[in-house]
Amino acid sequence: MSSPAINLQSILRLPLTSPEIASTLRAVNNGEPVPDPDIKSYSDSVYFNYYSLGLSLLYAPQQGYKPKQNLKFEELELEKLVLDSIDVYNVPPAKDSDKKSGKSAFATYPALPLVVELANLKDGDNDPIVRAPSISITATTTGKDLVSTLGEPDKKGGGAGPSNGSIDIWTEWYKDGVMVEFGGDEARGPQAWERGKDAAWRVLTLYKTFPLGLPTEGAGSSESD
987 MSSPAINLQS
997 ILRLPLTSPE
1007 IASTLRAVNN
1017 GEPVPDPDIK
1027 SYSDSVYFNY
1037 YSLGLSLLYA
1047 PQQGYKPKQN
1057 LKFEELELEK
1067 LVLDSIDVYN
1077 VPPAKDSDKK
1087 SGKSAFATYP
1097 ALPLVVELAN
1107 LKDGDNDPIV
1117 RAPSISITAT
1127 TTGKDLVSTL
1137 GEPDKKGGGA
1147 GPSNGSIDIW
1157 TEWYKDGVMV
1167 EFGGDEARGP
1177 QAWERGKDAA
1187 WRVLTLYKTF
1197 PLGLPTEGAG
1207 SSESD
């Protein structure tokens, strides 16, 4: 029998010291001890990068805490850090111009499919918008797949300029707390938005809107913006 899907959204807004975060990371690593993260500290954020797990966890300082740069784990005030967002990585085999851009330090998230719970939304007449309660994301999920379930994104960008050096396209559904960056040749260059529907996702960011899984009409934007 297959293991239940890991709910990464359930650990958002928890303190770094929460046992739920530790147990979730261990589940991602198939029950094995979690490797030490590469820590990047700044005054307004602290990143815990788990390269082999395809995860980057962004912790937001609380209670006026302003971490210094380049702190080690034992130098952090752990009880003043709350998990603000999670970057999940999908690293497809390099091809074409991807080979020129270098190899990602992150591996593909090993616990795919990633199940993302969606918010209950209402339209302008305050009627419920009918859509699936969640989406299951695999390594081959494309922009077209995401739009067919989540609907049109609230924000989008990237893709401008020549193929060499342009920014890959990205989309955001802020009421669901989901932002997606796409990869590959389809996701960059002047025709990126025409081809982007067939591009696979490269980085999926989860953050928690207020409140998750409930109507967010009028919420404006997520607290992580």
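Residues in the sequence shown are numbered from 987 upward in steps of one, following my numbering. Where is the CB? At the ideal position from N, CA and C, for every residue including glycine.
Per-residue DSSP class, three states only, for residue i
{"i": "A1185", "result": "coil"}
{"i": "D1082", "result": "Summary for D1082: the model assigns pLDDT 49, below 50, so the residue's position carries little reliability, and this model does not support an answer."}
{"i": "A1008", "result": "helix"}
{"i": "E1063", "result": "coil"}
{"i": "L994", "result": "helix"}
{"i": "D1077", "result": "Checking the displayed sequence, the identity of residue 1077 turns out to be Val instead of Asp. Correct three-state label for V1077: coil."}
{"i": "V1020", "result": "coil"}
{"i": "V1014", "result": "helix"}
{"i": "L1057", "result": "coil"}
{"i": "I1213", "result": "For the chain, the structure presents residues 987 to 1211; residue 1213 sits outside this window and is missing."}
Start and end residues, beta strand (DSSP E) containing residue i
{"i": "I1121", "result": "1120 to 1123"}
{"i": "T1003", "result": "T1003 -> no beta strand (DSSP E), and no H or E assigned at all."}
{"i": "N1035", "result": "1031 to 1036"}
{"i": "L1100", "result": "1100 to 1103"}
{"i": "A1093", "result": "That residue, A1093, is in no beta strand (DSSP E); it is neither H nor E in DSSP."}
{"i": "L1043", "result": "1041 to 1047"}
{"i": "T1157", "result": "1156 to 1159"}
{"i": "K1108", "result": "Here K1108 belongs to no beta strand (DSSP E), and DSSP marks it neither H nor E."}
{"i": "N1142", "result": "Per the sequence shown, the amino acid found at residue 1142 is Lys instead of Asn. Counting along the chain, the beta strand (DSSP E) containing K1142 begins and ends at 1141 to 1143."}
Min CB distance residue i to chain D below 8 Å
{"i": "A1118", "result": "No chain D is part of this structure, which consists of one protein chain only."}
Proximity of residue i and residue j at Cβ, strictly below 8 Å
{"i": "A1097", "j": "I992", "result": "yes"}
{"i": "I1072", "j": "T1157", "result": "no"}
{"i": "A1185", "j": "T1127", "result": "no"}
Buried versus exposed call for residue i [16 or more other C-beta atoms within 10 Å across all chains shown]
{"i": "T1003", "result": "exposed"}
{"i": "E1006", "result": "exposed"}
{"i": "A1091", "result": "exposed"}
{"i": "K1086", "result": "At K1086, the pLDDT of 49 sits below 50, so the modelled position is not reliable; the number obtained from the coordinates is stated separately. So K1086 ends up on the exposed side."}
{"i": "G1017", "result": "exposed"}
{"i": "P1053", "result": "buried"}
{"i": "S1009", "result": "exposed"}
{"i": "S1027", "result": "buried"}
First and last residue of the uninterrupted alpha helix (DSSP H) at residue i
{"i": "K1130", "result": "1129 to 1136"}
Which listed residue (the options) has its alpha carbon closest to that of residue i
{"i": "V1032", "options": "Y1193, D1070, D1140", "result": "D1070"}
{"i": "N1015", "options": "W1159, Q1049, I997, L1039", "result": "L1039"}
{"i": "I1025", "options": "A1008, R1012, L1043", "result": "L1043"}
{"i": "W1187", "options": "K1066, Y1095, Y1045", "result": "Y1095"}
{"i": "V1101", "options": "N1112, T1135, I1115", "result": "T1135"}
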